[in-house]
Structure formats: structure tokens, C-alpha cells
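Residue numbers (the working numbering): 295 to 572.
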């Protein structure tokens with residue numbers, strides 16, 4: 295608690311200090327409602343560019359804009375008070391040069407109030423990570439299956455099944471750690487490689503389709519709550535909200551059509567007249 299009795303929001307430094315300690319809990323969040331719920335349980339919330347698919351019905355994360363990230367980032371920050379909020383930099387907003395990345399990152403942090411940004415890439419993006427961290431921008435890195443590169447990867451493919459490619463992925467992890475990232479998301483990596491990278495680098499690894507040996511885990515909230523129609527193998531469904539919502543909507547529609555809703559207790563009547571004494 296702060297000296298004013300308010301909850302202190304976790305920072306990138308707090309997350310970095312959890313390396314090898316208590317596992318880090320993370321989920322995505324895209325609006326204030328769910329951010330308020332997730333805030334009670336998660337150490338950090340990611341406003342991921344997955345919002346393009348989850349919230350906007352896009353085919354991939356590639357069309358997501360900076361403005362979309364800012365809009366959802368503002369909502370998540372407003373809806374939370376404890377968890378660190380990390381916002382993705384979307385495709386095309388940081389890759390050209392480090393100075394471009396800093397302009398985008400500083401705008402996102404100023405306009406949302408988030409505590410860190412995330413960007414995808416390994417060795418090739420390490421100089422950008424160093425440029426940002428040297429200028430006060432905390433960076434969460436992301437290697438392995440990187441959705442923004444889906445068009446060059448040829449789809450959402452598990453990484454590391456060819457053991458001869460392990461050295462490249464290990465080098466990516468080492469490069470982002472050396473560049474100053476406070477943590478790194480390992481997505482879609484074969485389990486032994488994710489566990490090995492976690493042992494090799496000095497910053498926390500956050501697994502998604504990786505290994506229980508990672509320093510933390512992240513899932514897309516709508517996936518684990520049973521709201522998404524299709525989910526990857528690595529998603530455990532902890533709730534069946536899709537079914538519950540469908541049932542509630544069916545009941546509502548049925549009652550409206552039967553004119554049983556709104557019942558008397560849900561409408562406003564006229565006030566009763568006070569009897570005159572005259």
C-alpha cells in the first residue's frame with residue numbers, strides 16, 4: 295500500500311525481480327470491465343494486438359493500428375489499479391528504425407498511462423529494445439511464434455520442432471535479455487526448448503504454448519473463459535462463458551417474445567396518491 299492508502303501498481307522492475315521466484319500470472323485484457331476482474335488475480339495484463347481478432351473480428355493482428363491499441367489500453371488502465379499494464383506495439387509501428395519505435399512507444403505510454411510496451415522479434419529487434427530501454431521505456435520482448443510475422447512464417451506454426459533451429463531461438467532469447475528487456479514471452483515453442491531457455495537467460499520467461507518451467511504464463515482471456523469459437527492446443531478452458539451467455543440470451547429473447555419481460559417489478563409505476571384528510 296502507498297502512504298495515501300492506495301494500492302501500488304506493479305512495475306516492470308517488480309516483474310523482472312520475479313525471475314526464478316513465485317510464478318508470474320498474466321492474462322490479456324481489452325476493456326475496463328474485464329480489467330477490473332483480472333486485476334485481482336494477475337501480476338500484469340497485456341493489452342495484446344490479439345484484440346484485432348478477439349474484439350474486431352480481423353483475420354490476423356497485422357491490420358491493428360496504434361489508435362486501436364491506445365483506445366483499449368486507456369480502458370484497461372482505467373479499469374485496473376494493481377497489475378502492471380503492458381501494451382503491444384502493432385505491426386508497422388516500430389520495425390523501420392529505433393527512433394520510430396520510441397515515437398510510437400512514448401505516445402502509447404503517454405496516452406494510456408501503461409507501464410510498459412511489448413514488441414515482437416529476437417536478434418534483429420534487440421538494438422531497438424536497447425534504444426527504448428536506454429530512453430526510459432520498459433520493454434517486454436516476444437520470441438518464437440510471433441503472430442505479426444504470420445505471413446512470412448507461413449501460418450501459426452510451432453517453433454523448435456527441428457532441433458537444428460534451437461540455437462537460433464536461444465540466440466534470440468539471449469539477445470533480447472542482453473538488450474534490456476524486463477521479460478520475454480515464449481510463444482509456441484516445444485516444451486524442452488522453452489524450459490532450456492528459461493534456465494539460460496536472466497530475465498523472466500512468460501510462456502504461452504511453451505513450458506510449465508517458464509517463470510510465468512499468459513493466455514488470451516476470452517480463450518480460457520470459453521468465449522472463443524476455436525482455440526489452440528495450449529489453451530485450457532477454465533470456464534464455459536460462451537455457453538452461459540448463449541443460454542441467458544435465449545431466455546431473454548423467449549421472455550421478450552412472450553411479453554413476460556419486463557414483469558411488474560422491472561417497470562416504473564405512478565406514485566400512489568396520498569389520501570386527503572379533508
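The beta carbon of each residue, even a glycine, is placed where N, CA and C say it ideally should be.
Note that the coordinates shown come from a computational prediction; the quantities given were computed from them, not determined experimentally.
Check                                                                                                                                                             : Outcome
Between residue 379 and residue 566, what straight-line distance do the alpha-carbon atoms span, to the nearest angstrom?                                         : 52 Å
Measuring alpha carbon to alpha carbon, tell me which residue in 519, 554, 484 is nearest residue 455.                                                            : 484
Exposed or buried, which one is residue 406 when buried takes at least 16 other CB atoms within 10 Å?                                                             : buried
Out of 427, 429, 397, 392, point me to the one whose CA is closest to residue 418's CA.                                                                           : 392
Using a Cβ-Cβ cutoff of less than 7 Å, which residues in the same chain neighbour residue 394 once the five nearest sequence positions on both sides are dropped? : 388
Bridge partners of residue 483, per DSSP?                                                                                                                         : 453
Can you check the stretch 364-392 for any beta strand (DSSP E) of at least 3 residues that lies completely inside it and give the ranges in chain order?          : 378-382
Helix, strand or coil for residue 561, going by three-state DSSP, please let me know.                                                                             : coil
Answer yes or no: do residue 453 and residue 482 have a C-beta to C-beta separation smaller than 8 Å?                                                             : yes
Taking only the alpha-carbon atoms, compute the straight-line gap between residue 530 and residue 520 and give it to the nearest angstrom.                        : 9 Å
Quick check on this structure: which residue in 344, 375, 489 has the alpha carbon closest to the alpha carbon of residue 302?                                    : 375
Mind checking if residue 545 is an interface residue toward chain C, Cβ cutoff 8 Å exclusive?                                                                     : Protein chain content of the structure displayed is limited to a single chain, and chain C is not contained in it.
Using only the alpha-carbon positions, how far apart do residue 345 and residue 360 sit?                                                                          : 12 Å
Which term fits residue 328, buried or exposed, when burial requires 16 or more other beta carbons within 10 angstroms of its beta carbon?                        : buried
Determine the extent of the alpha helix (DSSP H) in which residue 550 is found, giving its start and end residues.                                                : 535-551
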